[in-house]
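Colleague:
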Amino acid sequence: MTDTDVTISMFERIGGSATIDRLVDRFYDRMDTLPEAQVIRAMHAADLGLIRDVLKRYLTEWTGGPRLYSVEKGHPRLRQRHFGFAIGDAERDAWMLCMRGALEEAVTDSAARRDLDQALSGLANWMRNRP
């Protein structure tokens, strides 16, 4: 086996748990303060502590880290879990605005940041359940 045969997960590329924690904290800080994010902030409970932990576990697993989400919650079924929320272009764009700012602050490797942004953009677009 050569070095080129080993695939490095996104989790490892971005710096592991510390980066996921920083990313999610910056994301929710931005969602909580940016006027452009009010549309998605209104979908959340006043206390963001529980949802921060859920997103940290989800993103850890989604990026190739330890299975922290599915062992507790099962298959993510993201669209089904979010079906009760109207998610259109405005909500997707507000979510990505917060996430892109958080990515800029948390992920120092520019190539990994670009790749993760692309993957998250696809995920955010897929979550839309209304025009």
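Heads up: the sequence shown begins at 1 in full-length UniProt numbering, then just goes up one per residue.
Yeah, the Cβ is synthetic: ideal placement off N, Cα and C, and Gly gets one too.
Treat the numbers as computed from the prediction; the structure is a model and nothing was measured.
(1) What would DSSP say about residue 22, mapped onto helix, strand or coil?
(2) How many angstroms separate the CA atom of residue 45 from the CA atom of residue 25?
(3) Cβ atoms of residue 86 and residue 114: under 8 Å apart, would you say?
(4) Measuring straight from C-alpha to C-alpha, what distance separates residue 98 and residue 68?
(5) Using only CA atoms, which one of 36, 60, 56 lies nearest to residue 11?
(6) In chain order, which alpha helix (DSSP H) runs of at least 4 residues are fully inside the segment 56 to 116?
(7) Do the CB positions of residue 9 and residue 63 come within less than 8 Å of each other?
Modeller: Well, looking at it:
(1) helix
(2) 16 Å
(3) no
(4) 23 Å
(5) 60
(6) 70 to 73, 78 to 81, 89 to 106
(7) yes
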